[in-house]
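Peer 1: Got a structure for you, written out below as structure tokens; questions coming shortly.
Residue numbers (the UniProt record's numbering): 1 to 383.
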């Protein structure tokens, strides 16, 4: 499915007129329409009227933000958006560092998940550590591409990296490595072999520490950090969840099961030993955004969602190569959103989804209104 969609989209996107009127908007509108129709269908069986209005409002949040910025955006708005993002990331990184080193409850407004021993993962100013880390990853992309001062650029990148590390969210570590790999290969033109070796070593270390398969020296191997966070086995349970989804989806592959209030979700989670709170959707979830859509909205909705994301990725990939490196920012934002949904559920109306809406709208505005991107971007010939 991925392969065929990739070939079709790649051929279509080479046409010049596509850039003027991006077809990913059509996929967005179709997906939103399908989601609303599914909400109506499930309202008759499982959803309350309140659930319907809440879900529909959430779905259109992405659309409203995208359309508003696309219509009214200009150079000043783009600069303001990026400056605001960097400011938030700086504040959140500093708060996260203080939370981890000094007071874990300082400015904490959300989850209290353990990193190791009695240390909590850093949330920064966000409600969860994974939101913190993914926002900081976006901050790194913007800092690398827009800041002219090398000192300021690398200082902020280092600050954001510390914040990501203290979040203790492994998938965000992986996405960070992928960001740097893409940046050095496509932007800095470093040889692929060198980047592959370094990125490969970093990825192996992350998965290696998560696998329990290597004997470390006793002092380190029995430490709290290794035993309680890096070696914690969450992979097996997640694959059991995925298996439950795939076993049940044939029963309602066309429209899905609606919401976590469904009996299928409830009993499926209980059979996995997840507990009442997980079965009642008070915590946890399916831990995969694509399987989440397939389970609750059906296979066709998931396919539409995948095509929507792929179409945006190809749109900005070609703009990045053919027009300006500025488009690396929205390209990576969508790539990050796609990768993050492999291990968590991030709907398009959530924090990361709305951040993506802003980013792709900025990219479309920049191209359609022929904004002078050299006033926003750093001149790489001078770096």
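In this text, a Cβ means the ideal position worked out from N, Cα and C, and glycines have one as well.
Taking 6 Å as the limit between beta carbons, can you name the residues of its chain near residue 240, skipping five residues before and five after?
Peer 2: If we look at residue 240 and ignore the five residues flanking it on each side, its Cβ neighbours are 272.
Peer 1: Please report the straight-line C-alpha distance between residue 253 and residue 63, rounded to a whole angstrom.
Peer 2: Taking the straight line from one Cα to the other gives about 26 Å.
Peer 1: Just to confirm my understanding: we take residue 264, look at its own chain, exclude 5 residues before and 5 after, and list those with CB closer than 6 Å. What are they?
Peer 2: The residues are 248 and 257.
Peer 1: Going by beta carbon distance, what residues of the same chain come within less than 6 Å of residue 225, once the five residues before and after it are set aside?
Peer 2: Its pLDDT being 47, under 50, residue 225 is placed unreliably in this model, and the value from its coordinates should be taken loosely. The answer, listed in chain order, is 116.
Peer 1: Just to check my reading of the structure: residue 346 and residue 339 have Cβ atoms closer than 8 Å, yes? What is that Cβ distance to the nearest angstrom?
Peer 2: No, residue 346 and residue 339 are not in contact; Cβ-Cβ is about 10 Å, not under 8 Å.
Peer 1: Rounded to the nearest angstrom, what separates residue 303 and residue 149 at their Cα positions?
Peer 2: Those two C-alpha atoms are separated by around 43 Å.
Peer 1: If we ignore side chains and look at the alpha-carbon of each, how far apart do residue 52 and residue 37 end up?
Peer 2: Approximately 10 Å, taken between the alpha carbons.
Peer 1: Excluding the 5 residues preceding and the 5 following residue 27 in the sequence, name in chain order all residues of the same chain whose CB lies nearer than 8 Å to its CB.
Peer 2: The answer, listed in chain order, is 304, 307, 308 and 311.
Peer 1: Whole angstroms is fine: what's the gap from residue 101's alpha carbon to residue 130's?
Peer 2: Spanning the two alpha carbons is a distance of roughly 19 Å.
Peer 1: By DSSP, does residue 160 sit in helix, in strand, or in coil?
Peer 2: Correct three-state label for residue 160: helix.
Peer 1: Which term fits residue 135, buried or exposed, when burial requires 16 or more other beta carbons within 10 angstroms of its beta carbon?
Peer 2: By the neighbour-count rule (16 or more Cβ atoms within 10 Å), residue 135 is buried.
Peer 1: Give me the Cα-Cα distance between residue 374 and residue 75, rounded to the nearest whole angstrom.
Peer 2: If I take the Cα positions, the gap works out to 11 Å.
Peer 1: Should residue 176 and residue 137 be called a contact, given that it needs their Cβ atoms to be closer than 8 Å?
Peer 2: Against a cut-off of 8 Å, the Cβ pair of residue 137 and residue 176 comes out as a contact.
Peer 1: For residue 385, which residues in the same chain have their Cβ closer than 7 Å to its Cβ, ignoring the five residues on either side in sequence?
Peer 2: The shown model of the chain, from 1 to 383, leaves out residue 385, and the question about it has no answer.
Peer 1: If you run the structure through DSSP and keep just helix, strand and coil, what is residue 111?
Peer 2: Coil, per DSSP.
Peer 1: Should residue 386 go down as buried or exposed, given a rule of 16 or more other Cβ atoms within 10 Å for buried?
Peer 2: No information on residue 386 is available, as it lies outside the stretch 1 to 383 that the chain covers here.
Peer 1: Please determine, among 99, 32, 151 and 367, the residue with the shortest C-alpha to C-alpha distance to residue 324.
Peer 2: Closest option to residue 324, Cα to Cα, is 367.
Peer 1: Does the beta-carbon of residue 25 have 16 or more other beta-carbons within 10 angstroms, so that it is buried, or is it exposed?
Peer 2: Its Cβ being crowded by 16 or more others within 10 Å, residue 25 is buried.
Peer 1: Kindly identify the DSSP beta-bridge partner or partners of residue 119.
Peer 2: In the DSSP output, where bridge partners are listed per residue, residue 119 has 116.
Peer 1: Measure the C-alpha to C-alpha separation of residue 180 and residue 174 and round it to an integer number of angstroms.
Peer 2: C-alpha separation (whole angstroms): 10 Å.
Peer 1: Would you grab the beta carbon distance between residue 22 and residue 327 for me? Rounded to a whole angstrom, and I think it's under 8 Å.
Peer 2: Contact flag wrong, Cβ pair sits at about 12 Å.
Peer 1: What do you reckon, are the CB atoms on residue 245 and residue 156 nearer than 8 Å?
Peer 2: Against a cut-off of 8 Å, the Cβ pair of residue 156 and residue 245 comes out as no contact.
Peer 1: Use the C-beta contact count for residue 106: other C-beta atoms within 10 angstroms, 16 or more gives buried, fewer gives exposed.
Peer 2: So residue 106 counts as exposed.
Peer 1: Report all residues from its chain with a CB closer than 7 Å to the CB of residue 59; omit the five preceding and five following residues, and keep chain order.
Peer 2: Excluding residues within five positions, the ones whose Cβ falls inside 7 Å are 32, 35, 36 and 349.
Peer 1: How would you label residue 359, buried or exposed, when you count the other beta carbons within 10 angstroms and need 16 or more for buried?
Peer 2: Buried is the call here.
Peer 1: Per DSSP, what kind of secondary structure is residue 45 in: helix, strand or coil?
Peer 2: Residue 45: coil per DSSP, three-state reduction.
Peer 1: For residue 211, does the three-state DSSP call read helix, strand or coil?
Peer 2: Its pLDDT being 45, under 50, residue 211 is placed unreliably in this model, and the value from its coordinates should be taken loosely. Residue 211 falls in the coil class under three-state DSSP.
Peer 1: Rounded to whole angstroms, what's the CA-CA distance from residue 1 to residue 269? Just pull it up for me.
Peer 2: Residue confidence for residue 1 is low, a pLDDT of 47 falling below 50, so the modelled location carries little weight; the figure read from the coordinates is stated next. Approximately 28 Å, taken between the alpha carbons.
Peer 1: Are the beta-carbon atoms of residue 193 and residue 143 separated by less than 8 Å?
Peer 2: Not a contact, by the Cβ cut-off of 8 Å.
Peer 1: Nearest to residue 44 by alpha carbon, out of 127, 186 and 262?
Peer 2: Out of 127, 186 and 262, 262 has the C-alpha closest to the C-alpha of residue 44.
Peer 1: Roughly how many whole angstroms lie between the Cα atoms of residue 54 and residue 30?
Peer 2: So the two alpha carbons sit approximately 20 Å from each other.
Peer 1: Quick one: what does DSSP say residue 267 is sitting in, helix, strand or coil?
Peer 2: Helix at residue 267.
Peer 1: If you follow the alpha helix (DSSP H) that residue 238 is in, where does it begin and where does it stop?
Peer 2: Element bounds for residue 238: 235-248.
Peer 1: Which ranges does the alpha helix (DSSP H) cover as unbroken runs of at least 4 residues, wholly within the stretch 332-382, from first to last along the chain?
Peer 2: Listed in chain order, they are 351-368.
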